[in-house]
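2 protein chains.
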Amino acid sequence: MEVIRSIRAMQETVRNLKERAVTIGFVPTMGALHEGHLSLIRRCREENSFVVVSIFVNPIQFGPSEDFQSYPRDLEGDMEKLSALGVDLLFFPDLKEIYPDGYSTYVVVEGLSDKMCGAFRPGHFRGVATVVAKLFNIVKPDRAYFGQKDYQQTVIIKKLVEDLNFDIEIVVCPTVRESDGLAMSSRNLYLNADERKAASSIYRVLKKAEEMVRSGEALERVKEYMENALSTGPLIREVQYASVYHPETLDELTSESLKRSGCREVVLAVALVIGNARLIDNIVVDLTK
Amino acid sequence: MEVIRSIRAMQETVRNLKERAVTIGFVPTMGALHEGHLSLIRRCREENSFVVVSIFVNPIQFGPSEDFQSYPRDLEGDMEKLSALGVDLLFFPDLKEIYPDGYSTYVVVEGLSDKMCGAFRPGHFRGVATVVAKLFNIVKPDRAYFGQKDYQQTVIIKKLVEDLNFDIEIVVCPTVRESDGLAMSSRNLYLNADERKAASSIYRVLKKAEEMVRSGEALERVKEYMENALSTGPLIREVQYASVYHPETLDELTSESLKRSGCREVVLAVALVIGNARLIDNIVVDLTK
Chain B
17 MEVIRSIRAM QETVRNLKER AVTIGFVPTM GALHEGHLSL IRRCREENSF VVVSIFVNPI
77 QFGPSEDFQS YPRDLEGDME KLSALGVDLL FFPDLKEIYP DGYSTYVVVE GLSDKMCGAF
137 RPGHFRGVAT VVAKLFNIVK PDRAYFGQKD YQQTVIIKKL VEDLNFDIEI VVCPTVRESD
197 GLAMSSRNLY LNADERKAAS SIYRVLKKAE EMVRSGEALE RVKEYMENAL STGPLIREVQ
257 YASVYHPETL DELTSESLKR SGCREVVLAV ALVIGNARLI DNIVVDLTK
Chain A
17 MEVIRSIRAM QETVRNLKER AVTIGFVPTM GALHEGHLSL IRRCREENSF VVVSIFVNPI
77 QFGPSEDFQS YPRDLEGDME KLSALGVDLL FFPDLKEIYP DGYSTYVVVE GLSDKMCGAF
137 RPGHFRGVAT VVAKLFNIVK PDRAYFGQKD YQQTVIIKKL VEDLNFDIEI VVCPTVRESD
197 GLAMSSRNLY LNADERKAAS SIYRVLKKAE EMVRSGEALE RVKEYMENAL STGPLIREVQ
257 YASVYHPETL DELTSESLKR SGCREVVLAV ALVIGNARLI DNIVVDLTK
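Quick mapping for you: the protein sequence lines, in order, are chains B and A.
Count along the first sequence from 1, add 16, and you get the number used in my numbering.
Count along the second sequence from 1, add 16, and you get the number used in my numbering.
Right under this line is the structure:
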């Protein structure tokens with residue numbers, strides 16, 4: 017596996033690949049790779065002749081009181097995993113390579129970025145959209161892979177690609193879960209044993225809420241259930257949101273607005289804080305099945 | 017000359033060109049082509065094997081009280097000129113192709129966009145940066161050509177390219193002038209005969225200011241001269257700015273701050289209103305010569 021740290025070298029490599037009409041698949045990550053990331057990389061490996069993974073902990077998507085400094089980093093472990101999966105190239109730039117002094121250009125997907133997680137993490141999705149636009153210009157992939165666990169992020173990136181006319185296919189892959197249902201996340205490492213146990217309630221509540229939706233329960237009741245069940249759970253310090261959302265606009269849905277929207281899917285989504293970890297999860301419910 | 021109106025067709029054409037390792041040169045315009053544009057296209061033709069020109073009057077770079085509706089349009093005349101210059105492809109999308117309903121992604125070059133013209137045209141450079149980012153993703157040029165007449169625009173686009181890692185060379189070409197020195201501009205069409213005559217003072221004032229800079233006059237005096245000479249000129253309704261600027265930061269310079277900056281160039285720049293036309297012009301003064 018080749019490792020490239022400079023943008024210039026990366027762009028030169030990409031230029032050579034393009035001339036050979038090679039299909040480039042890309043998995044952007046912040047490292048501390050877990051099975052969720054690896055599932056994206058496997059899928060990427062199957063579908064493309066050249067696989068690029070990036071590791072970059074993107075400071076501008078963290079708020080001032082958030083965990084940029086403490087975000088888990090494990091380059092050695094990550095590189096072993098990437099090599100084992102047959103990744104062709106790791107792009108691993110340092111901070112100043114991506115944001116040199118005087119950096120001042122930002123990409124904003126308006127509207128979508130202020131809802132759900134955006135309401136609790138101002139500037140977060142501006143940071144995500146900006147770094148993703150940069151990485152797309154550096155790697156020039158034919159396909160890029162993202163996990164459904166970060167549902168709002170996938171919607172925003174699809175919108176970014178559509179609006180700015182990136183000629184890139186966005187592939188969203190299913191959330192990978194621990195045996196008790198907890199969604200894989202690098203931030204699960206922040207949990208102690210008791211918190212880890214408590215975190216398993218998130219998926220149980222989502223599954224029960226899915227059942228309620230399928231049995232025709234009013235969405236207002238489903239939201240009520242989710243909020244109550246989570247906020248009374250042990251060790252859960254704060255439920256930031258827990259409700260039913262439109263899959264594209266990310267607006268909260270009531271039974272009434274769902275009817276009007278004509279949606280064939282709804283998203284059940286949750287963000288909460290346990291110990292030092294802010295955790296998110298979601299289930300997309302296909303209403304036609 | 018091929019004419020393409022859809023983004024999808026444009027991207028397919030570009031993909032085919034890239035596979036043949038063709039060098040794409042690109043001149044984005046708003047049409048109503050004059051000798052200034054044609055000089056960019058000639059240079060582009062010399063330096064690239066495939067030349068793309070776009071014509072798109074970009075609504076989001078016009079303020080609500082500005083001249084989007086009345087901006088001159090002359091597709092037939094433009095196409096004759098483009099064909100005569102051996103342009104390979106005209107990209108001529110309609111409004112909804114570039115900004116479909118629900119469009120919501122914007123690119124902002126912070127800082128630079130609020131100075132000079134930006135102070136008088138809020139949102140203008142956000143509109144410019146956004147459409148240029150889109151056009152770059154659609155056309156994927158190796159080189160793109162812009163006129164020095166829009167000096168601030170060239171600085172912002174260079175910064176956009178650098179910050180977002182577009183792998184594109186930005187070529188800035190000299191301002192083309194009428195015989196009396198007036199910078200060519202599609203907006204000169206708004207001037208009646210008297211206004212047209214009055215507009216020639218802009219370049220005379222810039223040249224005199226250049227002389228003052230070269231002869232070591234304090235920059236504060238140069239600014240004073242420019243403001244006075246222009247604001248007392250006949251038919252000039254408003255001088256929006258007229259001063260000496262840092263070529264990269266676009267900050268206004270005094271003799272003192274020039275010394276501290278170590279700049280080898282300064283920019284003399286002017287924006288003013290005559291009749292219904294907002295006109296801009298500039299001269300870059302190389303201090304080493």
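Ideal placement from N, C-alpha and C gives every residue a C-beta, glycine not left out.
Have a look at the options and flag the residue whose alpha-carbon is nearest the alpha-carbon of residue i.
{"i": "A/M46", "options": "A/S202, A/I252, A/L222 and A/R276", "result": "A/S202"}
{"i": "B/A287", "options": "B/L269, B/S247 and B/I173", "result": "B/S247"}
{"i": "B/G163", "options": "B/S99, B/V155, B/K156 and B/I173", "result": "B/I173"}
{"i": "B/P250", "options": "B/K239, B/L266, B/I218 and B/T270", "result": "B/I218"}
{"i": "B/L207", "options": "B/V103, B/R294 and B/K97", "result": "B/R294"}
{"i": "B/S277", "options": "B/M26, B/H262 and B/V289", "result": "B/H262"}
{"i": "A/C133", "options": "A/H50, A/Q77 and A/E35", "result": "A/Q77"}
{"i": "B/T270", "options": "B/I114, B/E233 and B/P109", "result": "B/E233"}
{"i": "B/R21", "options": "B/R230, B/V155 and B/Q256", "result": "B/V155"}
{"i": "B/E178", "options": "A/K175, A/E178 and A/L151", "result": "A/L151"}
{"i": "A/D196", "options": "A/K213, A/N204, A/M242 and A/S70", "result": "A/K213"}
{"i": "A/T29", "options": "B/V238, B/R237, B/D130 and B/D183", "result": "B/D183"}
{"i": "A/E16", "options": "A/V289, A/E211 and A/V300", "result": "Shown here, chain A extends from 17 to 305; a query on residue 16 of chain A therefore has no answer."}
{"i": "B/M242", "options": "B/E194, B/A258, B/K34 and B/K305", "result": "B/A258"}
{"i": "A/A225", "options": "A/A209, A/F107, A/L284 and A/E272", "result": "A/L284"}
{"i": "A/E227", "options": "A/H140, A/I299 and A/A37", "result": "A/I299"}
{"i": "B/P44", "options": "B/Q27, B/A37, B/M17 and B/H53", "result": "B/H53"}
{"i": "B/Q27", "options": "B/K97, B/E51, B/F107 and B/K239", "result": "B/F107"}
{"i": "A/M17", "options": "A/R142, A/D130, A/N204 and A/S99", "result": "A/S99"}
So, under 8 Å CB-CB, residue i and residue j are touching, yes? Tell me the CB distance rounded to an integer number of Å.
{"i": "A/V68", "j": "A/L105", "result": "5 Å"}
{"i": "A/F66", "j": "A/G102", "result": "About 11 Å separates the two Cβ atoms, so there is no contact after all."}
{"i": "B/N32", "j": "B/D158", "result": "Between B/D158 and B/N32 the Cβ distance is about 15 Å, and since that is not below 8 Å, they are no contact."}
{"i": "B/Y122", "j": "B/T146", "result": "5 Å"}
{"i": "B/S55", "j": "B/V171", "result": "In fact, because the Cβ distance is near 20 Å, the residues do not count as touching under 8 Å."}
{"i": "B/D297", "j": "B/R280", "result": "Between B/R280 and B/D297 the Cβ distance is about 22 Å, and since that is not below 8 Å, they are no contact."}
{"i": "A/N153", "j": "B/N181", "result": "4 Å"}
{"i": "B/E254", "j": "B/V260", "result": "Actually they do not touch by this definition, with Cβ atoms about 20 Å apart."}
{"i": "B/A245", "j": "B/V221", "result": "5 Å"}
{"i": "A/L9", "j": "A/L235", "result": "Only positions 17 to 305 of chain A appear in the structure, and residue 9 of chain A is not among them; the question remains open."}
{"i": "B/P109", "j": "B/F72", "result": "6 Å"}
{"i": "B/K165", "j": "B/A135", "result": "Not confirmed; about 19 Å, so no contact."}
{"i": "B/L7", "j": "B/P80", "result": "Chain B is shown only over 17 to 305; residue 7 of chain B falls outside these bounds and no answer can be derived."}
{"i": "B/K223", "j": "A/S120", "result": "About 33 Å separates the two Cβ atoms, so there is no contact after all."}
{"i": "B/A37", "j": "A/E35", "result": "5 Å"}
{"i": "B/I23", "j": "B/E113", "result": "6 Å"}
Answer with yes or no whether the minimum CB distance from residue i to chain B is below 8 Å.
{"i": "A/S277", "result": "no"}
{"i": "A/K175", "result": "yes"}
{"i": "A/Y74", "result": "Before going further, note that residue 74 of chain A is Asn rather than Tyr in the sequence given. It does not; no Cβ of chain B falls within 8 Å."}
{"i": "A/K150", "result": "yes"}
{"i": "A/N153", "result": "yes"}
Under 8 Å between C-beta atoms, does residue i make it to chain A?
{"i": "B/N32", "result": "no"}
{"i": "B/T121", "result": "yes"}
{"i": "B/D267", "result": "no"}
{"i": "B/I71", "result": "no"}
Do the region 77-95 of chain A and the region 111-126 of chain A touch if we need at least three Cβ pairs shorter than 8 Å?
-> no
Any contact of the region 186-205 of chain B with the region 50-62 of chain B, i.e. 3+ C-beta pairs under 8 Å?
-> yes
Residues of the region 19-51 of chain A with a CB closer than 7 Å to any CB of chain B: list them in chain order, please.
-> I23, Q27, K34, E35 and A37
Selection of the region 161-186 of chain B by Cβ proximity to chain A, strictly under 7 Å = K175, L176, D179, L180, N181, F182 and D183
If contact means a Cβ-Cβ distance below 8 Å, which residues of the region 109-141 of chain A contact chain B?
-> Y119, S120, T121, Y122, V123, V124, V125, E126, G127 and L128
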